[in-house]
Each structure stands twice: as C-alpha cells, then as structure tokens.
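Following: one structure in structure tokens, then a few remarks.
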Amino acid sequence: MTFQSPAGLIFDMDGVLVDSEPLHKRAKELAFAEIGIELPDSVYDSYKGQPDATMLPEILIARGFPTK
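In this text, residue positions in the sequence shown follow this note's numbering: the first is 58, and each later residue adds one.
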C-alpha cells in the first residue's frame with residue numbers, strides 16, 4: 058500500500074467557512090440558564106474573541122458563584 062500526500066488541507070478559522078458563533082452563544086445561554094444566570098447580549102459580546110476559560114469564571118464570580 059502506497060501513501061499519497063494530500064493535495065491540500067483546509068483549516069476553518071471560526072467564521073471563515075462556518076459561522077458557529079451563534080451556536081456557541083446559544084449553548085452558553087442554555088448552560089447559564091440552568092443555574093439561573095441570564096446572559097445578556099451586551100455581556101456575551103464583551104467576551105467575543107476571548108477563551109471560555111476567561112469568560113466563564115468571570116461571569117460566575119460576578120454573580121456570586123464559586124469557581125473552585
């Protein structure tokens with residue numbers, strides 16, 4: 058069996074081929090809603106481009122939830 062190199066590779070930097078941002082937003086809204094936190098657009102928008110590891114603890118702490 059002979060290995061053939063691929064003719065090319067496709068990398069999707071979020072939003073180039075598929076805009077998954079609305080799905081991420083909805084998932085976070087649903088997760089926060091389960092613990093009684095509303096996620097207004099203004100709060101979500103202020104975290105666009107930042108990792109979840111930054112966003113999630115900051116929102117939880119701001120609303121009095123322990124993160125550890």
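Ideal Cβ positions, reconstructed from N, Cα and C, are used throughout, including at glycine.
Computed from a predicted model, the values in this text were never measured in an experiment.
*Taking Cβ to Cβ, would you say Lys85 is nearer than 9 Å to Met58?*
One thing to note: Lys85 has its Cβ no nearer than 9 Å to the Cβ of Met58.
_If contact is defined by three or more beta carbon pairs under 8 Å, each pair taking one atom from either stretch, is the stretch 85 to 98 in contact with the stretch 60 to 75?_
Counting Cβ pairs under 8 Å, fewer than three are found: no touch.
_Residue closest to Glu78, alpha-carbon to alpha-carbon, out of Ala88, Leu66, Val100 and Gly106_ = Ranking the options by Cα distance to Glu78, first place goes to Gly106.
*asked:* If you reduce the DSSP assignment to three classes, tell me which class Asp69 lands in.
replied: Assignment of Asp69 by DSSP, reduced to helix, strand and coil, places it in the coil class.
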